[in-house]
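Chemist: Could you have a look at this structure, given as structure tokens, before my questions?
2 protein chains.
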Amino acid sequence: MSKGLTVNSYFEDQVKSIALENQEGVSTVGAMMVGDYEFATSKKEYMTVVSGELTVKLPRENDWKTFSKGESFIVEANQAFSVQVKQTTAYLCRYE
Amino acid sequence: MSKGLTVNSYFEDQVKSIALENQEGVSTVGAMMVGDYEFATSKKEYMTVVSGELTVKLPRENDWKTFSKGESFIVEANQAFSVQVKQTTAYLCRYE
């Protein structure tokens with residue numbers, strides 16, 4: 001039987017995610033409440049906005065960019081990036 | 001401050017979801033493990049496959065239809081529908 005669905009919580013429950021593994025690989029699906037967050041990657045991450053929007057400052061970038069529903073961005077492994085969440089947002093993060 | 005991120009679990013932890021509310025409305029984002037499930041709606045549901053695939057028998061339909069990543073289906077309120085999950089699948093369900 002495949003591994004269970006692990007729920008993780010970050011930033012004092014402001015960000016929650018469910019870990020899953022399928023034919024597309026290892027991912028988490030989750031939600032972020034309104035707030036400002038700093039994330040650090042250990043693997044390459046493919047982030048897709050599922051509902052809502054994320055305003056992101058990617059590594060080595062000066063400008064913030066907003067990603068809406070259906071849009072994705074990539075962060076290489078061992079990088080930090082900043083996220084501003086202006087409405088509660090659901091996302092998919094696939095790891096590589 | 002907006003409501004917290006409530007995590008719900010169904011079918012003995014085989015299905016888990018995170019409830020959220022944003023400009024698009026009230027939704028849950030979640031994951032389903034491999035298995036067969038019967039769902040009943042109390043509101044109209046807009047289901048979108050975020051990762052993986054769902055094989056669904058919609059109300060008043062005889063045939064099963066498979067929805068892949070990015071595809072959606074709608075179930076009216078107060079209806080039952082059946083789902084076969086052949087790989088762990090992430091979804092977004094928006095309620096109306």
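Residue numbers (the UniProt record's numbering), protein chains in the order written: chain A, 1 to 96; chain B, 1 to 96. We put the beta carbon where it would ideally sit given N, CA and C, even for glycine.
Would you please state the rounded distance, in angstroms, between the beta carbons of T28 of chain B and L54 of chain B? I believe it to be under 8 angstroms.
Modeler: As a first step, residue 28 of chain B must be located in the second sequence, where it is residue number 28. As a first step, residue 54 of chain B must be located in the second sequence, where it is residue number 54. T28 of chain B to L54 of chain B, Cβ: 14 angstroms. No contact.
Chemist: What first and last residue would you give for the beta strand (DSSP E) that runs through residue 128 of chain B?
Modeler: With chain B running from 1 to 96 in the structure shown, residue 128 of chain B is simply not present.
Chemist: Note down, in chain order, each residue of its chain lying with its Cβ closer than 6 angstroms to the Cβ of G35 of chain B, except the 5 sequence neighbours on either side.
Modeler: Here residue 35 of chain B refers to the residue found at position 35 when the second sequence is read from its first residue. Excluding positions up to five away in sequence, the list reads Q14 and V85.
Chemist: For the pair the segment 72 to 84 of chain A and the segment 48 to 62 of chain A, tell me if three or more CB-CB distances fall below 8 angstroms.
Modeler: With a cut-off of 8 angstroms, the segment 48 to 62 of chain A and the segment 72 to 84 of chain A count as touching, because enough Cβ pairs lie within range.
Chemist: At a CB-CB cut-off below 7 angstroms, which residues of chain B make contact with L54 of chain A?
Modeler: Within the first sequence, numbered from 1, the residue matching residue 54 of chain A stands at position 54. By Cβ distance, chain B contributes nothing, its closest Cβ being about 12 angstroms from L54 of chain A, past 7 angstroms.
Chemist: So with CB distances below 8 angstroms, who are the chain A contacts of E24 of chain B?
Modeler: The residue labelled residue 24 of chain B in the question sits at position 24 within the second sequence. Result: S51, G52 and K69.
Chemist: For a contact defined as C-beta to C-beta under 7 angstroms, what are the partners of E21 of chain A on chain B?
Modeler: If you number the first sequence from 1, residue 21 of chain A lands on position 21. Per Cβ cutoff of 7 angstroms: T88.
Chemist: Give the C-beta separation of M47 of chain B and F73 of chain B to the nearest angstrom, bearing in mind that I take them to be a contact with Cβ-Cβ under 8 angstroms.
Modeler: As a working mapping, residue 47 of chain B is identified with position 47 in the second sequence. As a working mapping, residue 73 of chain B is identified with position 73 in the second sequence. 5 angstroms between Cβ atoms; contact.
Chemist: Mapping the DSSP letters down to three states, classify S42 of chain A as helix, strand or coil.
Modeler: Here residue 42 of chain A refers to the residue found at position 42 when the first sequence is read from its first residue. Coil at S42 of chain A, not helix or strand.
Chemist: Where does Q87 of chain B fall in DSSP's three states?
Modeler: The residue you call residue 87 of chain B lines up with position 87 of the second sequence. Looking at Q87 of chain B - three-state DSSP - the assignment turns out to be coil, as it is neither helix nor strand.
Chemist: On the DSSP bridge list, what partners appear for G30 of chain B?
Modeler: Stepping through the second sequence from its first residue, residue 30 of chain B is reached at position 30. Answer is B:S17 and B:Y91.
Chemist: Taking Cβ positions only, does I74 of chain A come closer than 9 angstroms to chain B?
Modeler: Here the question's residue 74 of chain A lines up with position 74 in the first sequence. Taking Cβ atoms only, chain B never reaches closer than 9 angstroms to I74 of chain A, which makes this a no.
Chemist: What does DSSP give as the partner residues of D36 of chain B in its beta bridges?
Modeler: Position 36 of the second sequence, counted from the first residue, corresponds to residue 36 of chain B. Beta-bridge pairing links D36 of chain B to B:Q84.
Chemist: Just to check my reading of the structure: A31 of chain B and I18 of chain A have Cβ atoms closer than 8 angstroms, yes? What is that Cβ distance to the nearest angstrom?
Modeler: On the second sequence, position 31 is the one that residue 31 of chain B refers to. On the first sequence, position 18 is the one that residue 18 of chain A refers to. Right, their Cβ atoms sit about 5 angstroms apart.
Chemist: Looking only at its own chain, which residues have a Cβ that is under 8 angstroms from the Cβ of S51 of chain A, when we skip the five neighbours before and after it?
Modeler: Sequence index remark: in the first sequence, residue 51 of chain A carries index 51 (1-based). Once the five neighbours on either side are set aside, the close Cβ partners of S51 of chain A are K69, T89 and A90.
Chemist: V15 of chain B CB to nearest chain A CB: under 9 angstroms?
Modeler: Translated into positions along the second sequence, residue 15 of chain B becomes position 15. V15 of chain B counts as touching chain A.
Chemist: Would DSSP call T6 of chain A helix, strand or coil?
Modeler: For the purposes of this step, residue 6 of chain A is identified with residue 6 of the first sequence, where counting begins at 1. DSSP places T6 of chain A in coil when its eight states are reduced to three.
Chemist: Under a three-way DSSP split, which group does F11 of chain A fall into?
Modeler: On the first sequence, residue 11 of chain A is found 11 positions in, with the first residue counted as 1. It is coil, neither helix nor strand.
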